[in-house]
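K.L.:
Numbering-wise, my numbering comes out as the position in the sequence shown, counting from 1, plus 8.
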Amino acid sequence: MKHTITLLFLLFTFQIAVAQNKEFATPRTAETNMVLQGRVLSESGAPISGVNIEGKMGRYATTDALGKFSLPANMGEEIVIRGLNFETVYYRIRSNDDIEIRVQSDEQDQKKRSPIPYQVAMDSAQIFLKKDAQKSADFLIAALSNNPKSLTKTQESAAYEKLGDLYSFNKQYDLAIANYTQAEELNSSLSLVIKKADMLRLNGNYQEAIAAYLAADVSNTSRSKKKQSTGGSNTLEIKRLTGLAAAYAKTNDSDKALQIYKQALQLAQNASLNIQVTSINSKIAALLNEIGQVDKAEAYYNRAIQESKKEGRTANVVAQSQTADFYRSNSQFDKEIALRKNNIEILDDIKSDEAKAPQKIANKEGFLNEVAIAEDEIEERVTGNSYEPSTSNGINRLSKQKEQLNIAEALKSQNKIKEAITYYESSLDEATENNDLEVKKDAAKSLYELNKKAGNTKTALAYNELYINTVDALYLEKENELEESSRKTKELVSKQTRILTLEKDRELTENKIALINTERKLTQEMNQRQRWIIYSLVALSLLLLTLAYFMYRNNKQQKINNHLLALKSLRSQMNPHFIFNALNSVNNYIAQNDERAANKYLADFSKLMRSVLENSELDFIPLEKEIDLLGLYLKLEHERFKDKFDFTLDVDPSLKDTKIQVPPMLLQPIIENAVWHGLRYKKEKGFLNVAFAKAEQGITVTITDNGIGREKSKAIKTEHQKKRDSKGLGNIKNRVALLNELHDCKIDMEVKNAGLIPDVGTEVVVRIRG
9 MKHTITLLFL
19 LFTFQIAVAQ
29 NKEFATPRTA
39 ETNMVLQGRV
49 LSESGAPISG
59 VNIEGKMGRY
69 ATTDALGKFS
79 LPANMGEEIV
89 IRGLNFETVY
99 YRIRSNDDIE
109 IRVQSDEQDQ
119 KKRSPIPYQV
129 AMDSAQIFLK
139 KDAQKSADFL
149 IAALSNNPKS
159 LTKTQESAAY
169 EKLGDLYSFN
179 KQYDLAIANY
189 TQAEELNSSL
199 SLVIKKADML
209 RLNGNYQEAI
219 AAYLAADVSN
229 TSRSKKKQST
239 GGSNTLEIKR
249 LTGLAAAYAK
259 TNDSDKALQI
269 YKQALQLAQN
279 ASLNIQVTSI
289 NSKIAALLNE
299 IGQVDKAEAY
309 YNRAIQESKK
319 EGRTANVVAQ
329 SQTADFYRSN
339 SQFDKEIALR
349 KNNIEILDDI
359 KSDEAKAPQK
369 IANKEGFLNE
379 VAIAEDEIEE
389 RVTGNSYEPS
399 TSNGINRLSK
409 QKEQLNIAEA
419 LKSQNKIKEA
429 ITYYESSLDE
439 ATENNDLEVK
449 KDAAKSLYEL
459 NKKAGNTKTA
469 LAYNELYINT
479 VDALYLEKEN
489 ELEESSRKTK
499 ELVSKQTRIL
509 TLEKDRELTE
519 NKIALINTER
529 KLTQEMNQRQ
539 RWIIYSLVAL
549 SLLLLTLAYF
559 MYRNNKQQKI
569 NNHLLALKSL
579 RSQMNPHFIF
589 NALNSVNNYI
599 AQNDERAANK
609 YLADFSKLMR
619 SVLENSELDF
629 IPLEKEIDLL
639 GLYLKLEHER
649 FKDKFDFTLD
659 VDPSLKDTKI
669 QVPPMLLQPI
679 IENAVWHGLR
689 YKKEKGFLNV
699 AFAKAEQGIT
709 VTITDNGIGR
719 EKSKAIKTEH
729 QKKRDSKGLG
739 NIKNRVALLN
749 ELHDCKIDME
759 VKNAGLIPDV
769 GTEVVVRIRG
């Protein structure tokens, strides 16, 4: 009979295994257990047709004119709602009820977010940080992109720091590092450096993390002493030390890790930071246990339990659960069981109090506080994000069913099967009530094994079936979680790509974001070198242009100075020449013993010389003064050569009040040439006319004589006279050329015969355009 039962049991087990193999060979999601009914509406309530509805295994539907759709699906699956004019929506099926999905167009969404002020965007990003990573990232993009020119470095740094917090919360440590680095470059702070160091540690960059922690030493950072209060500095220093110790522990440097943990513990005790004292005691205990110092580890765990009681019941449960894990690792099952039973009592009390006054209890306990969190969340809290879990007792590590399961495992290890089964069953019931599939799976599997070993075949088979069904449900749940996590990861990477496009110094694509930190640094260094090269070339070009400009300006100024010097030299040459001729005239009167004529001539001559000397340094004088000077000069020359020529000085009446400026003594050498070389050698008495006429853009001066003409004058000149004449006319021409170039005077001079008969008279026309 016994062998028959065993054979039947083996046959049934084989059939279950075959069924399991078939089930795993065929995708679990191929069959559906419900038909999801729903509608897709716009924000205003208008139905949207043609929307794509996608489910698992290629299941697909589209909305009709009323926005309705039907889709075969399973509970817990995620469906995707896609359209061209709105952002893709992901919906997790939680019930059999019909659903209504309202979507917002991209244009409307952009209009709503584009004018958001910086601080509003930052606050909104914080609100959605744990609830909706995509929305949080969108608000941070708005904070960075709305009026970027008005953002200060501090504001921009705060936005990138918040992005780092977002990626840290979603355990995308490499992206968190990148954003913390960007924030640090804009506005570094001690807390930011520690956050980055934490991310380096969690990302496995232990040596880099150690270097960052050491660089952020509070005791050597004067800025922290100025900006942080004593409590704030202590908290930051404790975070730095515990992070540094954890990094050393990861590199198997236990001695340094213990030394730094104890340093952090002393600081926390001095500052009366009980939360930190409890946490650090637990960390030290765990490290001591890991290196085999069990007795010391137990002492630190007991201290953690005592400190946790000061913080509240939830903190006490966590500390006792950690200590119970320690006892189990060292096979001290009685001590483990005692602690876990005590935890169950505390958790029952908390649940009872929550049912009576949940809000009051939550506030009283600080539920959950910094210590009362799971081990994986401790890693998150170290970063300083202060992301607290839900206030329910749903954290598996703290749940009643988990503690019951651990007690059952301990009893099983002591071979107390009946007591173990009792606790397994209690754990199973509690897990079923709280939908804790992990605990339910483990409890069902253990009950199956124990009942099978005890020969309770029917009960064992029932638990085995429950185990298989739970595994299926857990598999589906984990699959959905992985799918949702993968989608969120892709969305966040996409947001990071969009954020990076806002930076002028970063032009990374989505593929570049996946590169390792070394490649990113090399790319940044290369870009920086290229920028420096470009900046250097631009600076060199500007320097060369500036140098060329100054050289051109100096050359131009030098040329002007040379011209001015030449003009001054010409004036200095003409004045002595005139004086010399005038003194010859005086000498002529003296030789003739005409004292009266000599005195009169000297009086007129001194008057002329005074005017000449007054104007000798000027490039231009008024026309009226120049006419007076020429009149006086003609009078003097006529006194000398009364029997040789008469003269007239004609001035256009319209020039009487003119403001035209003319070069001084420019016309005198021309008149002198007419007298000395044209009229003086004429046998009969000659005539000289100097006429000033108004022209369209200035004046025209015509000097006409009826002397012997230029050709005869050249013929009778001595060699010395030829040189003097040539030099005088040359000086006049050079002076005109210099004045035209320096002052843009537009003076020109024309010399020609005065009449139709050659060699009879000379006419010189000088045009001065104002």
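Think of the CB as a built atom: it goes at the ideal place given N, C-alpha and C, for glycine as much as any other residue.
1. Rounded to the nearest angstrom, what separates Asn742 and Lys608 at their Cα positions?
2. Tell me where the alpha helix (DSSP H) around Gly639 begins and ends.
3. In the DSSP assignment, the alpha helix (DSSP H) including Phe692 goes from what residue to what residue?
4. Roughly how many angstroms separate the alpha carbons of Val670 and Leu555, rounded to a whole number?
5. Return helix, strand or coil for Glu383, following the three-state DSSP convention.
6. What separation, rounded to the nearest whole angstrom, lies between the Cα atoms of Asp173 and Val201?
7. For Asn60, report the span of its beta strand (DSSP E) as first-last.
8. Could you give the first and the last residue of the continuous alpha helix (DSSP H) run that contains Ala69?
9. Round the Cβ separation of Leu455 and Leu436 to the nearest angstrom and send it over; I've been treating them as touching at under 8 Å.
10. Taking Arg777 and Lys754 to be in contact with their CB atoms under 8 Å, please state how far apart those CB atoms are, rounded to whole angstroms.
11. In angstroms, rounded to a whole number, what distance separates the CA positions of Asn213 and Thr259?
12. Specify, as a first and last residue, the run of the alpha helix (DSSP H) that Glu216 falls within.
13. Quick check: the segment 281-290 against the segment 323-334, are there 3 or more CB pairs under 8 Å?
14. For the candidate residues Leu747, Phe695, Gly686, whose alpha-carbon lies nearest to that of Glu719?
15. Output the boundary residues of the alpha helix (DSSP H) element that contains Thr162.
16. Apart from the five residues just before and just after Lys179, which ones in its own chain have a Cβ nearer than 6 Å to its Cβ?
17. Between Glu771 and Ala605, what straight-line distance do the alpha-carbon atoms span, to the nearest angstrom?
18. Taking Gly717 as part of the alpha helix (DSSP H), name the residues at either end of that continuous run.
19. Using alpha carbons as the reference points, say which of Glu51, Gly53, Arg47 lies closest to Asn60.
20. Any idea if Arg311 is buried or exposed, counting beta-carbon neighbours within 10 angstroms, 16 or more meaning buried?
21. If you drop the 5 nearest sequence neighbours on each side, which residues of the same chain put their C-beta closer than 6 Å to that of Arg100?
22. Cβ of Leu44 within 9 Å of Cβ of Leu79?
23. Measure from the alpha carbon of Ile716 to the alpha carbon of each residue in Val97, Tyr689, Val709, Gln271, then state which is nearest.
24. For Asp620, does the count of other Cβ atoms within 10 angstroms reach 16, so buried, or fall short, so exposed?
25. On a Cα-Cα basis, can you pick out the residue from Ser113, Ala254, Asn563, Glu647 that is closest to Asp5?
26. Let's test the definition: count the other Cβ atoms within 10 Å of the Cβ of Asn297 and tell me whether it reaches 16, buried, or not, exposed.
27. Quick check on Asp342: buried or exposed, where buried means 16 or more other Cβ atoms within 10 Å of its Cβ?
28. Alpha carbons only, please: which of Lys693, Ala224, Glu632 is nearest the one belonging to Asp665?
29. Between Tyr641 and Leu616, how many whole angstroms is the CB-CB distance? I'm expecting something under 8 Å.
30. For Gly63, tell me which candidate among Gly75, Gly84, Ala363 has the shortest Cα-Cα distance.
31. Would you tell me roughly how many angstroms separate the C-alpha atoms of Ala150 and Glu533, rounded to the nearest one?
P.N.:
Taking the geometry as given:
1. For this step, residue 742 is matched to residue 734 along the sequence shown. For this step, residue 608 is matched to residue 600 along the sequence shown. If you take the alpha carbons of Asn742 and Lys608, they lie about 35 Å apart.
2. In the sequence shown, counting from the first residue as 1, residue 639 sits at position 631. 631-648 is the extent of the alpha helix (DSSP H) around Gly639.
3. The residue given as residue 692 occupies position 684 in the sequence shown. Residue identity check: residue 692 is Glu in the sequence provided, not Phe. No alpha helix (DSSP H) contains Glu692, which DSSP labels as neither H nor E.
4. Position 662 of the sequence shown, counted from the start, is the residue given in the question as residue 670. Position 547 of the sequence shown, counted from the start, is the residue given in the question as residue 555. Near 38 Å, if we compare the C-alpha coordinates of Leu555 and Val670.
5. Taking the first residue of the sequence shown as 1, we reach residue 383 at position 375. In this predicted model, Glu383 has a pLDDT of only 38, less than 50, meaning its place in the structure is not dependable; the value taken from the coordinates is given anyway. Helix, per DSSP.
6. In the sequence shown, the residue the question calls residue 173 occupies position 165. In the sequence shown, the residue the question calls residue 201 occupies position 193. When rounded, the distance between both Cα atoms is 13 Å.
7. Here residue 60 is taken as the residue at index 52 of the sequence shown, counted from 1. Per DSSP, Asn60 belongs to the beta strand (DSSP E) from 60-62.
8. As a working mapping, residue 69 is identified with position 61 in the sequence shown. Here Ala69 belongs to no alpha helix (DSSP H); instead the beta strand (DSSP E) covers 68-70.
9. Counted from its first residue, the sequence shown places residue 455 at position 447. Counted from its first residue, the sequence shown places residue 436 at position 428. Indeed, because the Cβ distance is near 7 Å, the residues count as touching under 8 Å.
10. Here residue 777 refers to the residue found at position 769 of the sequence shown. Here residue 754 refers to the residue found at position 746 of the sequence shown. At roughly 4 Å, the Cβ-Cβ gap stays under 8 Å, so Arg777 and Lys754 are in contact.
11. To locate residue 213, count along the sequence shown from 1; it is residue 205. To locate residue 259, count along the sequence shown from 1; it is residue 251. Cα to Cα, Asn213 sits roughly 10 Å from Thr259.
12. Counting from 1 along the sequence shown, the entry for residue 216 is found at position 208. Residues 214-223.
13. yes
14. One-based indexing of the sequence shown puts residue 719 at position 711. For Glu719, the nearest C-alpha among the options comes from Gly686.
15. The count along the sequence shown starts at 1 and reaches residue 162 at position 154. Where Thr162 is concerned, the enclosing alpha helix (DSSP H) stretches over 161-177.
16. As a first step, residue 179 must be located in the sequence shown, where it is residue number 171. Closer than 6 Å at Cβ, skipping near neighbours: no residue.
17. Locating residue 771 in the sequence shown gives position 763, counting from the first residue. Locating residue 605 in the sequence shown gives position 597, counting from the first residue. Going by the C-alpha atoms only, they are around 31 Å apart.
18. Position 709 of the sequence shown, counting from 1, holds the residue named residue 717. Here the alpha helix (DSSP H) through Gly717 covers 717-724.
19. Reading the sequence shown from its first residue, position 52 is the one you call residue 60. The candidate whose alpha carbon is nearest that of Asn60 is Arg47.
20. Walking along the sequence shown from the start, residue 311 turns up at place 303. When all chains shown are included, Arg311 counts as buried.
21. To locate residue 100, count along the sequence shown from 1; it is residue 92. So the qualifying residues of the chain are Glu86.
22. Along the sequence shown, one-based indexing puts residue 44 at 36. Along the sequence shown, one-based indexing puts residue 79 at 71. Result yes, Cβ atoms of Leu44 and Leu79 sit closer than 9 Å.
23. On the sequence shown, position 708 is the one that residue 716 refers to. Nearest C-alpha to Ile716: Tyr689.
24. Numbered from its first residue, the sequence shown carries residue 620 at position 612. Note on identity: in this sequence residue 620 is Val, with Asp being the wrong assignment. Val620 is buried by the Cβ-count criterion.
25. Outside the modelled stretch of the chain, which goes from 9 to 778, sits residue 5, for which no answer is possible.
26. Reading the sequence shown from its first residue, position 289 is the one you call residue 297. Asn297 comes out buried.
27. Indexing the sequence shown from 1 puts residue 342 at position 334. Label assigned to Asp342: exposed.
28. Residue 665 sits at position 657 when you count from the first residue of the sequence shown. The option with the nearest alpha carbon to Asp665 is Glu632.
29. If you number the sequence shown from 1, residue 641 lands on position 633. If you number the sequence shown from 1, residue 616 lands on position 608. At roughly 6 Å, the Cβ-Cβ gap stays under 8 Å, so Tyr641 and Leu616 are in contact.
30. Position 55 of the sequence shown, counted from the start, is the residue given in the question as residue 63. Among Gly75, Gly84, Ala363, the Cα nearest to that of Gly63 belongs to Gly84.
31. On the sequence shown, residue 150 is found 142 positions in, with the first residue counted as 1. On the sequence shown, residue 533 is found 525 positions in, with the first residue counted as 1. Cα to Cα, Ala150 sits roughly 29 Å from Glu533.
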